[in-house]
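Chains as they are written, first to last, in my numbering: chain A, 496 to 896; chain B, 1378 to 1638.
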C-alpha cells in the first residue's frame, strides 16, 4: 500500500500556480525537515503498516458506504450513498490526518504538539492522538468559535490539552491558524504543528491529502462491491477542503465520476457574506500558500460568514484551486438556510445527524438529483457528525435549554 | 545608486552603525505617521522601515498586530503609503525608506510597486517570502527598488549563501525564534550567526526582532552593521497616540543612537 502516486505537487510544492511555501524564514528549515521525513517514511513499510493498523483499530476503519434509502426515496431519482466518516472515532474525518501526523511527530522525536481548530473537530482529533502518545498539546481556537463550539472545547480540555482562545482579527479559524503559526515560529525546534486541512505551506497540503485519501480509496472498492461500478458523482463540503480532497483524490483519474465540492454560501454568494473563495474569490497568498482567497482590492483578507464554524475560512487548499482551474472538479455554494434545512431533513429521514459542514454537501443534492439520470449513483461524504452543532441549531430555532 | 545602498555604504566607510526604526503606516493616522518619520530622522534614525498593514501578519507579536489592526481601521492602502512617502520626500530626500509587509499586499498592487520612482521608497522587505525566492518571480522587477532578505537562527548554512546573494539592500538577521517583540535574545548565538553571514556576503547585516534595551542595542551593534527597533517604538506610539506628544520616542531613539555609536 502506498499513499499517493500523484504527480502533484511539484518539487517546490506547487499545484499548477497554486501552493508553495510562503512563510517567515524561521519556519523554512522545519518545513524542509518535515518534507524530508515524510518523503522517507511514506514508502517505509513499518510506517505504512503502523498507520493502517491505527486506522483499523483506533479509528475503526473502513467506514461503511451506506445506502440512504429514505433520502433516495425523497429525491425520487438515482441512488444516494453515504460515506460514513461520522462513524470514525471522535466523529469526523479529521482523525485520519491526525493519526498520520502524530506518527510523523513520533518518528521526528517532537515532544510538543500544536494545532488550530475551527469547528473543534480537528482540535478534538489532535488532542486525542496527543493523549494517546502522552504528548503536551496546545489548541488554538478563535474566540467566536470557542463560544459556538463549547462542547468540543470541553472535550479538548478533558483530553488534557490546553485551549488558547484567539481574539485577534475575526476571532475565527483563520486567526487561530495565524496564532498557531506564531507559536510554531517561537517553538519551532521541539514542536510539531498538526495542520488540520489541506491548507498551509508545502508539504502540508500534500501530507493531509495523502492521509485522508484512505476515504476515497475505500469508496472505490466499496462502489465496486455495492453497485458494481464507479459513482456518477461524489459530493463533499469544502472549507479548507480536507474531507473533499481525501475523497476526491483517488478519483482524479476516474473521469466518469463527477467531483463536486460545496462551499459555504452564508447569506448567499451574491451578498458577499459567505465563505466561498472558489465561487467568489481571486488568487492570493494566505497562510503559506497561494490559492483562491476572499480578499478586497487592496489584498486584505475579508471576513467570512457561515453558520458552520468548520467552513468559515477565507482560503481553500491549493489543490482545490488547481482542480477548479483545470475543470476536474466543480465547486458550488449552498446558503446557511439551505444547509440548515438539509441538516433537519437528513436527521429526520435517515436517523443520521450530520455536522453543519456536512449539511452543505447534503443540501446540494436538491439541485443535483434533478439534474442527474435516474440510474445515477451519488456518494455524499458524511465528513462528521452533528452533535457538536446542537447548541448552534437550537439557538437558531429559538430553543433554550 | 539606490538611496539605501549608498547610505549603508557611507555609514560603513565611516565605521558607523545604522539605526533602523519601524512604524506602521496609518497608526494612529497618516498625518501622525509623517510627523513621526521626521521625528525619527531628527532623533538620529538612519533608515525608516514602514510597516504595510495586513489583516494576517503571521510574523508579528501582539504589539505590532494591534498596530496593523488600527491602521486597517483607517483603510490604509499601499497607494496611500506611497503618497505618504511622496510627502515625506518633499522635505527629506536623504533618509532611505523600506516598505515591510506581506506578499499578498504587494502582489495585489504590482502596478504601484513597479511605478515606484527614484524619489520614493527604496526597498521592499516581504516577510513571508523565503530568502532564496526572487521577487522578480512575482512581477516585482523595478530597478529603483532593492530587496531585503531575512536569515534566521534556524536557517541552515547551505541556504545562508543563496539567500545573501538575493538580498540587494541589506540582510536582515532575525535575532530570535519567535515573532516581533518577543524577548529571548541569545547574544552568543547571534554573534556567531552574523559572523557566518558575513563570511558569505559583503552586504550589510542588520540585527532585528526583540531588541529593546540600550544594552542589547549596544551589544548587537558591535557584531553587526546596525540594528532594527520595532515593537518598543510601536508600543510608545500606541501609548501616546491620544496626546500625540511623542517626545519620549525621540529621547528613546537618541539613547539607542548613542548606545550603538
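Here a beta-carbon is modelled for each residue, glycine too, at the ideal position from N, C-alpha and C.
Measure the alpha-carbon distance for residue i versus residue j and round it to whole angstroms.
i: residue 773 of chain A; j: residue 1380 of chain B; result: 43 angstroms
i: residue 795 of chain A; j: residue 503 of chain A; result: 29 angstroms
i: residue 1483 of chain B; j: residue 1544 of chain B; result: 17 angstroms
i: residue 786 of chain A; j: residue 797 of chain A; result: 14 angstroms
i: residue 1521 of chain B; j: residue 1557 of chain B; result: 28 angstroms
i: residue 543 of chain A; j: residue 1451 of chain B; result: 52 angstroms
i: residue 1493 of chain B; j: residue 1570 of chain B; result: 34 angstroms
i: residue 570 of chain A; j: residue 834 of chain A; result: 16 angstroms
i: residue 1542 of chain B; j: residue 1578 of chain B; result: 7 angstroms
i: residue 746 of chain A; j: residue 1587 of chain B; result: 49 angstroms
i: residue 759 of chain A; j: residue 1537 of chain B; result: 43 angstroms
i: residue 606 of chain A; j: residue 530 of chain A; result: 18 angstroms
i: residue 1478 of chain B; j: residue 1550 of chain B; result: 16 angstroms
i: residue 892 of chain A; j: residue 515 of chain A; result: 43 angstroms
i: residue 1448 of chain B; j: residue 1487 of chain B; result: 21 angstroms
Answer with yes or no whether the minimum CB distance from residue i to chain A is below 8 angstroms.
i: residue 1427 of chain B; result: no
i: residue 1507 of chain B; result: yes
i: residue 1442 of chain B; result: yes
i: residue 1465 of chain B; result: no
i: residue 1554 of chain B; result: yes
i: residue 1537 of chain B; result: no
Using a Cβ-Cβ cut-off of 6 angstroms (strictly less than) and excluding sequence neighbours within five positions of residue i, which residues of its own chain qualify?
i: residue 779 of chain A; result: 788, 790
i: residue 616 of chain A; result: 587, 589, 879
i: residue 702 of chain A; result: 533
i: residue 726 of chain A; result: 718, 752, 872, 874
i: residue 881 of chain A; result: 848, 849, 850
i: residue 585 of chain A; result: 619, 620, 623
i: residue 1423 of chain B; result: 1395, 1396
i: residue 1501 of chain B; result: 1476, 1522, 1524
i: residue 712 of chain A; result: 745
i: residue 1420 of chain B; result: 1627, 1630, 1631
i: residue 632 of chain A; result: 608, 622, 625, 656
i: residue 559 of chain A; result: 579
i: residue 776 of chain A; result: 787, 788, 789
With a threshold of 8 angstroms between beta carbons, is residue i in contact with chain B?
i: residue 789 of chain A; result: no
i: residue 524 of chain A; result: yes
i: residue 811 of chain A; result: no
i: residue 521 of chain A; result: yes
i: residue 781 of chain A; result: yes
i: residue 554 of chain A; result: no
i: residue 736 of chain A; result: no
i: residue 668 of chain A; result: no
i: residue 509 of chain A; result: no
i: residue 793 of chain A; result: yes
i: residue 681 of chain A; result: yes
i: residue 883 of chain A; result: no
i: residue 606 of chain A; result: no
i: residue 851 of chain A; result: no
i: residue 801 of chain A; result: no
i: residue 516 of chain A; result: yes
i: residue 676 of chain A; result: yes
i: residue 765 of chain A; result: no
Ordered along the chain, which non-local residues of its own chain (more than five positions away) have a Cβ less than 7 angstroms from that of residue i?
i: residue 1465 of chain B; result: 1411, 1414
i: residue 545 of chain A; result: 598
i: residue 808 of chain A; result: 613, 668, 669, 734, 735, 770, 799
i: residue 1509 of chain B; result: 1536, 1539, 1540, 1543
i: residue 1511 of chain B; result: 1543
i: residue 884 of chain A; result: 850, 851
Quick one: residues in its chain with C-beta nearer than 8 angstroms to the C-beta of residue i, no 5 flanking neighbours on either side, listed in chain order?
i: residue 680 of chain A; result: 519, 521, 522
i: residue 1437 of chain B; result: 1445, 1556, 1557, 1558
i: residue 517 of chain A; result: 696, 780, 783, 784, 785
i: residue 860 of chain A; result: 566, 570, 575, 730, 837, 873, 875
Taking 7 angstroms as the cut-off, is the CB of residue i close to at least one heavy atom of the ligand NAD?
i: residue 1526 of chain B; result: Among the components of this structure there are no ligands whatsoever, and the ligand NAD is therefore not found.
- Message: At 4 residues or longer, what runs of the alpha helix (DSSP H) sit wholly inside the region 551-596 of chain A?
- Response: 564-570
- Query: Below 8 angstroms, can you find three or more Cβ-Cβ pairs linking the region 1604-1614 of chain B to the region 1428-1442 of chain B?
  - Reply: yes
- Message: What ranges does the beta strand (DSSP E) occupy inside the region 1496-1547 of chain B, keeping only unbroken runs of at least 3 residues that lie completely in it?
- Response: 1500-1503, 1526-1528
- Task: Taking only runs that begin and end inside the region 759-833 of chain A, name each unbroken alpha helix (DSSP H) of 4 or more residues, in chain order.
- Result: 772-775, 813-820
- So does the region 658-678 of chain A actually touch the region 573-587 of chain A, counting three or more Cβ pairs closer than 8 angstroms? Touching, no, given that fewer than three Cβ pairs across the two stretches are closer than 8 angstroms.
- Evaluate contact between the region 825-839 of chain A and the region 547-556 of chain A, counting only Cβ atoms and requiring at least three cross-stretch pairs below 8 angstroms. no
- Query: Is the region 1443-1455 of chain B in contact with the region 1416-1423 of chain B, if contact means three or more CB pairs nearer than 8 angstroms?
  - Reply: no
- Is the number of C-beta pairs between the region 599-615 of chain A and the region 1382-1396 of chain B that are closer than 8 angstroms three or more? no
- Item | Secondary structure, alpha helix (DSSP H): runs of 4+ residues fully inside the region 638-701 of chain A | 638-643, 645-653, 668-681
- Every unbroken alpha helix (DSSP H) inside the region 1585-1622 of chain B [4 residues or more]: 1591-1599, 1608-1617
- Enumerated in chain order, which unbroken segments of the alpha helix (DSSP H) with a length of 4 residues or greater are wholly contained in the region 510-549 of chain A? 523-536, 540-549
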